[in-house]
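FYI, this note's numbering numbers position 61 of the sequence shown as 436, with every residue one higher than the one before it. C-beta: ideal position from N, C-alpha, C; glycine also.
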Amino acid sequence: MNYEEIFVGYEYLCLLFKGKYELDLKINKIGLENCHISIITQAELQFGVENSAEIRKAQNQSF
Numbered sequence: 376m377n378y379e380e381i382f383v384g385y386e387y388l389c390l391l392f393k394g395k396y397e398l399d400l401k402i403n404k405i406g407l408e409n410c411h412i413s414i415i416t417q418a419e420l421q422f423g424v425e426n427s428a429e430i431r432k433a434q435n436q437s438f
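Here is the structure:
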């Protein structure tokens, strides 16, 4: 088999979501099944989403 496997870090995901450096094309070339994130990256993403939701909820209640 001739393929690559990569670990995608938090910074890489941020750039992907911002549409930078054609990272979506690179991931498609490698194949999503060959891209992995660490448990630390997963925790960072979950923490960010949860805090973001709490901040929005608090802002909505203050108005």
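Practice item. Classify I412 as helix, strand or coil using the three-state DSSP reduction. Key: Along the sequence shown, one-based indexing puts residue 412 at 37. Correct three-state label for I412: coil.
Exercise for review: Determine the direct distance from the alpha carbon of A418 to that of E380, and round the result to whole angstroms.
Suggested key: The residue you call residue 380 lines up with position 5 of the sequence shown. The residue you call residue 418 lines up with position 43 of the sequence shown. A direct Cα-to-Cα measurement between E380 and A418 gives close to 21 Å.
Point to revise | Proximity of I391 and L398 at Cβ, strictly below 8 Å | key: Here residue 391 refers to the residue found at position 16 when the sequence shown is read from its first residue. Here residue 398 refers to the residue found at position 23 when the sequence shown is read from its first residue. Looking at the sequence itself, residue 391 is Leu, so the reference to Ile does not match. Their beta carbons are under 8 Å apart, which means L391 touches L398 by this criterion.
Practice item. List the DSSP bridge partners of F382. Key: On the sequence shown, residue 382 is found 7 positions in, with the first residue counted as 1. For F382, the pairing in a beta bridge is given by DSSP as H411.
Check your understanding: For Y387, does the count of other Cβ atoms within 10 angstroms reach 16, so buried, or fall short, so exposed?
Key -> Locating residue 387 in the sequence shown gives position 12, counting from the first residue. When all chains shown are included, Y387 counts as buried.
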